[in-house]
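Trainee: One structure follows; several queries about it will come next.
Dropping the structure here:
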């Protein structure tokens with residue numbers, strides 16, 4: 001149920017990805033009692049540097065065009081809000097041939113401190129309003145619909161900083177072992193996803209996969225907190 005590079009052309013052509021959920025009730029069946037390394041999550045071969053000073057760093061690798069990222073978003077947003085200061089949450093937009101403009105859009109908004117504020121609106125532009133955000137003109141159409149400083153945005157969009165981040169994307173994705181999305185990295189060393197979280201639950205829907213992810217994220221954050229307090233991993 002996740003998007004890979006191989007499925008990109010199918011995703012771009014897809015329609016009817018569904019509306020965002022308005023409320024969430026996580027059923028008891030859609031979780032496992034004890035998530036296991038190699039099943040509901042995995043440890044990266046090489047832990048990556050963590051920049052969070054306070055809270056456990058949680059990174060979502062996602063793409064605006066990805067229907068599974070879109071469907072996960074309300075579940076993930078509710079979880080992040082509930083965590084409060086327990087985590088330091090950030091996102092990284094993946095790079096795929098054909099979506100360079102979408103990634104630049106994200107990096108530019110992020111540089112301006114507007115990425116979270118406009119995150120849902122960008123998803124809506126692509127999945128509801130059918131603005132594919134594949135060209136500079138399509139990005140401009142979206143930006144023109146917002147209240148942010150247009151000149152500041154396009155200065156960031158064309159900046160050396162954004163282009164450098166884009167150039168580093170293949171290495172970043174390789175370092176974090178990202179080949180499907182959405183994927184989440186906890187503390188720079190533990191990876192999970194909706195598909196991984198529901199791996200032992202048998203045949204389930206995408207909604208149930210997204211529900212299964214939440215207790216796994218809780219488990220991993222608690223695990224890292226305990227390891228940091230005891231010094232034992």
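In this note's numbering, the protein residues as written are 1 to 233. Note that beta-carbon positions come from the ideal geometry of N, C-alpha and C, so glycine has one too.
DSSP three-state label for residue 42, please.
Mentor: strand
Trainee: Judging by CA-CA distance, which residue of 145, 111, 180, 60 is the nearest neighbour of residue 160?
Mentor: Distance check between residue 160 and each of 145, 111, 180, 60 places 111 closest, using alpha-carbon atoms only.
Trainee: Is the Cβ-Cβ distance between residue 65 and residue 99 less than 7 Å?
Mentor: yes
Trainee: I'd like to know whether the C-beta of residue 55 is nearer than 7 Å to at least one C-beta of chain B.
Mentor: Absent from the structure: chain B. Only one protein chain is present.
Trainee: Where does residue 81 sit, in a helix, a strand or coil, going by DSSP?
Mentor: DSSP, read as helix, strand or coil, puts residue 81 in helix.
Trainee: If we require 3 or more residues per run, which beta strand (DSSP E) segments fall completely within the stretch 79-125?
Mentor: 87-93
Trainee: Looking at C-alpha atoms only, which residue of 43, 107, 47 is the closest neighbour of residue 163?
Mentor: The option with the nearest alpha carbon to residue 163 is 107.
Trainee: Output the boundary residues of the beta strand (DSSP E) element that contains residue 183.
Mentor: Counting along the chain, residue 183 sits inside the beta strand (DSSP E) bounded by residues 183-186.
Trainee: Helix, strand or coil for residue 48 per DSSP?
Mentor: coil
Trainee: So the alpha helix (DSSP H) residue 163 belongs to, where does it begin and stop?
Mentor: 160-175
Trainee: At the level of alpha carbons, what is the spacing between residue 204 and residue 196?
Mentor: 12 Å
Trainee: Alpha carbon to alpha carbon, what distance is there between residue 143 and residue 134?
Mentor: Separation of residue 134 and residue 143 (C-alpha to C-alpha, rounded to the nearest whole angstrom) is 13 Å.
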